[in-house]
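Visitor: Chains as they are written, first to last, in my numbering: chain A, 1066 to 1202; chain B, 1066 to 1202.
Note that beta-carbon positions come from the ideal geometry of N, C-alpha and C, so glycine has one too.
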DNA sequence: AAAAATAGTGCAACACTGTTGCATATTTAA
DNA sequence: TTAAATATGCAACAGTGTTGCACTATTTTT
Ligand SMILES: [Zn+2]
Ligand SMILES: [Zn+2]
Ligand SMILES: [Zn+2]
Ligand SMILES: [Zn+2]
C-alpha cells in the first residue's frame, strides 16, 4: 500500500496523490505531467497535478529527469531519498524511436577527470539510442 | 569575418545572422533564445531569432545544450559539424550559482558498460556544480 | 465533539518557450 | 535588372509551468 509512503514523508493521503503515485509504481518509464494527465482515472486540475509532482519531488518520492525535449519527466526514487537529500545519480536512457525514458538505477556514472577550479555536485547522464523493443531485427 | 561561415553552410548573409553569430563567437557560455534577445543591438522579431537559431543548428554552426531548466541553450560547434552530422559529444557544465553553462569541448565522455539490447547513438553529460568564479574562498 | 489550525484543491490568470501560416521584403543568380 | 529563392515580421496558437486566492478537507487542539 502506498499510504505508508505518504506517512513516511509527511504528506496527507489524498485521492490524487494515491492515483499519481500508482501511475509511477506501475510504470517502468519516466512520466511527464501530460503523461500523468492521461493516465489518471478521475479528472483533476492541471495545477493540482503539477503541485502533486512537485511535492513528491521535494519529499524525495520522485526525481526529475530531463531529456532533450525540455519537458520534465519524473521517476520514482529508488534509494531512500528524502526532503533533505536525493541520491539519484544514475544513468538515464532515452529511446529515439519510442521516446521512452528509463532509469538505469544501478548503472554508476563513471568518474570524470578533476576539473581545476570547478567543484562537482551532481552529474547527469542521458544516453540516447534505441531500446530493445524498438530494435530492427 | 563570419561571412565565410555562412557561405560555407549555404546560408544567406543577413543582419540578424551576423549579429547572432557574433553573440556566440564573443561568448564563452551557452546562450538561450532570451539571452540572445537581450544581446542583440537591433530589434528583431522573436520568431526570426528562433528561426535563426534553428537554421544554425541544422547547418552545424551551433549545437543544442539542455540543462536542468528545460530551456534550450546553444553553443558553437567546434569540430566541423555540418548539416549531415554533428560531433558534439562533449561534457557540459552548469554552475549552480550563476547558472552559466559551458562546453568542455575537449573532455571526452567516458565509456559506459555495454547494455544488452540497447544501441547507443549519443551520450549527453551535464555536470552541475560551482564554477571557478563562483567559488567561495 | 466542536473549533481552530493546517494543508490540499480548483479556478482564473499569467509568463514564457516554441511553432506555424502567410504576406512582405531582401538576397542572389541569371 | 529582373525572377527565383530565401528570409523576415506579424498574428495566432499550443504547450509547459507558476502564482494568488477562495474554498474544502483533514488534523490537532480545546
Ligand atoms: Zn531522489
Ligand atoms: Zn532516474
Ligand atoms: Zn555540432
Ligand atoms: Zn557544447
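Can you find at least 3 beta carbon pairs, one from the region 1132 to 1145 of chain B and one from the region 1093 to 1109 of chain B, that sit closer than 8 Å?
Guide: Yes: the two stretches touch, three or more of their Cβ pairs being nearer than 8 Å.
Visitor: Taking only runs of the alpha helix (DSSP H) that begin and end inside the region 1086 to 1129 of chain A, which ones reach a length of at least 4 residues, in chain order?
Guide: As far as the region 1086 to 1129 of chain A is concerned, its whole alpha helix (DSSP H) runs of at least 4 residues are 1098 to 1104, 1111 to 1124.
Visitor: Is residue 1157 (chain A) close to ligand 2? I mean its beta-carbon at under 7 Å from any heavy atom of the ligand.
Guide: Yes - ligand 2 has a heavy atom lying nearer than 7 Å to the Cβ of residue 1157 (chain A).
Visitor: Would you call the region 1164 to 1178 of chain A and the region 1165 to 1183 of chain B in contact, with 3 or more CB pairs under 8 Å?
Guide: Because the criterion of three Cβ pairs below 8 Å is met, the region 1164 to 1178 of chain A and the region 1165 to 1183 of chain B touch.
Visitor: Going by Cα to Cα distance, which pick from A:1071, A:1153, A:1146, A:1195 is closest to residue 1187 (chain A)?
Guide: When only C-alpha atoms are compared, the closest one is A:1153.
Visitor: Check each residue of the region 1125 to 1150 of chain A: if its Cβ is closer than 9 Å to any Cβ of chain B, include it; give the result in chain order.
Guide: Listed by position, the residues of the region 1125 to 1150 of chain A near chain B (Cβ gap below 9 Å) are 1129, 1131, 1132, 1133, 1134, 1135, 1136, 1137.
Visitor: When Cβ atoms are compared, which residues of the region 1094 to 1125 of chain B fall closer than 9 Å to chain A?
Guide: From the region 1094 to 1125 of chain B, no residue has a Cβ closer than 9 Å to chain A.
Visitor: For the region 1105 to 1114 of chain A against the region 1075 to 1083 of chain A, are there 3 or more C-beta pairs whose distance is under 8 Å?
Guide: Flag = yes, the region 1105 to 1114 of chain A and the region 1075 to 1083 of chain A touch.
Visitor: How about residue 1182 (chain A): is its Cβ closer than 7 Å to a heavy atom in ligand 1?
Guide: Not under cutoff, so the answer is no.
Visitor: Which residues in the same chain have their Cβ closer than 8 Å to the Cβ of residue 1115 (chain A), if we skip the five residues on either side of it in sequence?
Guide: Taken in chain order, the residues that qualify are 1098.
Visitor: Could you name the residues of chain B that residue 1196 (chain A) contacts, counting a contact when the two beta carbons are closer than 8 Å?
Guide: Ordered by position in chain B, the residues that pass the 8 Å Cβ test against residue 1196 (chain A) are 1182, 1183.
Visitor: Quick one: is residue 1192 (chain A) near chain B, going by C-beta distance under 8 Å?
Guide: Yes - at least one Cβ of chain B is within 8 Å of the one on residue 1192 (chain A).
Visitor: Using the Cα positions of residue 1102 (chain A) and residue 1091 (chain B), report the straight-line distance between them to the nearest angstrom.
Guide: Residue 1102 (chain A) and residue 1091 (chain B): Cα-Cα distance of roughly 43 Å.
Visitor: For the alpha helix (DSSP H) holding residue 1174 (chain A), just list the boundary residues, first then last.
Guide: No alpha helix (DSSP H) holds residue 1174 (chain A); DSSP gives it neither H nor E.
Visitor: On the CB-based measure, 16 or more other CB atoms within 10 Å of its CB, does residue 1159 (chain B) come out buried or exposed?
Guide: Residue 1159 (chain B) is buried by the Cβ-count criterion.
Visitor: Spatial neighbours of residue 1132 (chain B) within its chain, please: CB distance less than 7 Å, with the 5 preceding and 5 following residues excluded, ordered by chain position.
Guide: Around residue 1132 (chain B): 1138, 1159, 1166, 1191.
Visitor: Just to check, is the beta-carbon of residue 1146 (chain A) closer than 7 Å to a non-hydrogen atom of ligand 1?
Guide: Yes, Cβ of residue 1146 (chain A) sits closer than 7 Å to a heavy atom of ligand 1.
Visitor: State the DSSP-derived secondary structure class of residue 1168 (chain A), mapped to helix, strand or coil.
Guide: Strand, per DSSP.
Visitor: If you draw a straight line from the C-alpha of residue 1199 (chain A) to the C-alpha of residue 1156 (chain B), how long is it?
Guide: C-alpha separation (whole angstroms): 27 Å.
Visitor: If we call anything under 8 Å between Cβ atoms a contact, is residue 1071 (chain A) one with residue 1127 (chain A)?
Guide: Their beta carbons are not under 8 Å apart, which means residue 1071 (chain A) does not touch residue 1127 (chain A) by this criterion.
Visitor: Closer than 8 Å, Cβ to any Cβ of chain B: which residues of the region 1159 to 1180 of chain A, in chain order?
Guide: Under the 8 Å Cβ criterion, the region 1159 to 1180 of chain A contributes 1161, 1169, 1172, 1175, 1176, 1177, 1178, 1180.
Visitor: Beta-carbon within less than 6 Å of residue 1121 (chain A)'s beta-carbon, same chain only, minus the 5 sequence neighbours each way: which residues are those?
Guide: Cβ within range, chain order: 1127.
Visitor: Is there a Cβ of chain A sitting closer than 8 Å to that of residue 1189 (chain B), yes or no?
Guide: Closer than 8 Å to some Cβ of chain A, the Cβ of residue 1189 (chain B) qualifies, so yes.
Visitor: Give a yes or no on whether 8 Å exceeds the smallest Cβ distance from residue 1186 (chain B) to chain A.
Guide: Judged by the 8 Å Cβ criterion, residue 1186 (chain B) is in contact with chain A.
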